[in-house]
Amino acid sequence: MKPEELSLSDFNRILIGEIPPFFFIELIFRAFLIYALLIVSMRLMGKRMSAQISRNEMAAVVSLAAAVGIPLMNPDRGILPPVVITIVIIIFTNFVSRRTSRNEHFESITQDDLDVLVVDGVLNLPKMELTRITKERISSQLRSLGILHLGMVNRLYIEANGMFTLVKEKEPRPGLSVLPDIDPDFAKKKLNKTDQFVCCHCGTVAKTMISTLRSACPNCKAIQWAPAVTAAE
1 MKPEELSLSD
11 FNRILIGEIP
21 PFFFIELIFR
31 AFLIYALLIV
41 SMRLMGKRMS
51 AQISRNEMAA
61 VVSLAAAVGI
71 PLMNPDRGIL
81 PPVVITIVII
91 IFTNFVSRRT
101 SRNEHFESIT
111 QDDLDVLVVD
121 GVLNLPKMEL
131 TRITKERISS
141 QLRSLGILHL
151 GMVNRLYIEA
161 NGMFTLVKEK
171 EPRPGLSVLP
181 DIDPDFAKKK
191 LNKTDQFVCC
201 HCGTVAKTMI
211 STLRSACPNC
221 KAIQWAPAVT
231 AAE
């Protein structure tokens, strides 16, 4: 658009831009597709994508940002189309929020479910793969919660919003250390080795010394063992 074509009195261009009226119907369809695409994309990328706000809220924010960004920078785009998109997003977001509060199945589809990452001191490897949470990430989270080894954990959940919830073991058992290998001096101060062995991959404690030396882990089939540890008093 040429500078001489710009005019503050051209309300038709300011509000509608240079698009046909029929395009507003298409805007509703576009807004719905963008919103749905964002929801699906964030679900595929895992729970940690929505650790601070829900997927519903994040999709709404991104959609609104995309809607209002172009008219601010492009003079031939009117401000009325973003208004239509904003209204559609608000209506759809409120609909999803109300529906999720009344229908658990619909909530699990749009917001996902919680998953159990640690069960009785053992890593739940299938759920970790499903949620794309690594062993290092779990160890880091447990350290931040004051946990020294997996034997201190009864349950570790990852909520639908990506946050972690810890249930401690009332009577800690020997388990796999979650302290980093690069700080062995600190580990020696905080942990005591036992005569039991634990799988380095999933944290399963071997029942006997013989099974430790000759057999694969009964839980994950890995063949890498280390002494199980307890917290030093």
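Under full-length UniProt numbering, the first residue of the sequence shown carries the number 1, and numbering increases by one thereafter. Glycine included, every Cβ here is placed at the ideal spot set by N, Cα and C. This structure is a prediction, so every number in the text was calculated from the model and none was measured.
From the DSSP output, in three-state form, read off residue i for me.
i, result
"T165", "strand"
"I147", "coil"
"Q196", "strand"
"P227", "strand"
"S215", "coil"
"L176", "coil"
"R155", "strand"
"L114", "coil"
Could you compute how far the alpha carbon of residue i sits from the alpha carbon of residue j?
i, j, result
"E233", "E129", "35 Å"
"V116", "T131", "10 Å"
"E26", "P180", "54 Å"
"V153", "K135", "14 Å"
"F92", "T86", "10 Å"
"S139", "V178", "5 Å"
"A231", "R137", "21 Å"
"T165", "H201", "22 Å"
"N94", "R143", "38 Å"
"S108", "N56", "12 Å"
"A206", "R214", "11 Å"
"Q141", "P81", "44 Å"
"V167", "R173", "14 Å"
"K188", "A222", "26 Å"
Can you tell me whether residue i is buried or exposed? The criterion is at least 16 other CB atoms within 10 Å of its CB, across all chains shown.
i, result
"S63", "buried"
"A65", "exposed"
"N124", "buried"
"L33", "exposed"
"A36", "exposed"
Determine whether the beta carbon atoms of residue i and residue j lie at a separation below 8 Å.
i, j, result
"L176", "L148", "no"
"D113", "A160", "yes"
"V118", "L145", "no"
"V84", "G203", "no"
Is there contact here, the region 215-229 with the region 184-200, by at least three beta-carbon pairs under 8 Å? yes
If you pair each beta-carbon of the region 180-189 with each one of the region 90-105, do three or more pairs fall below 8 Å? no
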